[in-house]
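These notes are about the structure you will find just below.
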Amino acid sequence: MNNYIVGYLAGINYNNSKSILKKIAANYSIGLKEILPEQLFQFTERYLPNKNETNFIFSMSDSPDSEEADYLIDYLDYAPEMQSKFPSLGRDRLLILISILQEMMTLTNCSKLVISLTDSGYIYSYKKIKFIELSKTLLSDFEVSEGAPDTLYEIIY
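Mapped onto the working numbering, the consecutive letters of the sequence shown carry residue numbers 403 to 559.
Laid out in structure tokens, this is it:
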């Protein structure tokens, strides 16, 4: 299984936001790599970044050296002695991801975050949610799916 997190922050101050995102990635020891719009696989035309806005398009991974988010969006519980910087419980790791997404939105002062959370590379559902609903929605969707929900989220204020 390949766990992918790709998306973009819309309507940002690019240089300031890039610096902020670099600090967030360092604080959580995750990978946050800028990618091309063409790498937003499975994003339908409606959800692609507006070329008239300043956007930061990214992929997020478990560490600066990896390409995938195997632990961040894997909802399985691991043995407590697991050798990882992340907690052994899937829900606890998801809470870390939620914190990262919330910080990305609030600290960059973006107009919206569009992100896909998949364990297959495919998007099967699309949801538009408010920032205040982010935590509740992701916790519920991961619980129902027993893992990454293969969903694209458009998160607005």
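We treat Cβ as the ideally placed atom computed from N, Cα and C, and that holds for glycine.
- In its chain, beyond the 5 residues on either side, Val408, Ile459, Phe460, Ser461 have a beta carbon closer than 8 Å to the beta carbon of Ile437.
- Inter-segment contact for the stretch 441 to 458 and the stretch 473 to 483 is absent: fewer than three beta-carbon pairs are separated by less than 8 Å.
- For Ser547, no beta strand (DSSP E) run applies; the uninterrupted alpha helix (DSSP H) run containing it begins and ends at 536 to 547, by DSSP.
- Going by C-alpha positions, Ser465 is about 11 Å away from Asn429.
- Under the DSSP definition of a beta bridge, Thr520 partners with Tyr406.
- Taken through DSSP and simplified to helix, strand or coil, Gly492 comes out as helix.
- DSSP places Leu450 outside any alpha helix (DSSP H), giving it a letter other than H or E.
- Thr510 is bridged by DSSP to nothing; it lacks a bridge partner.
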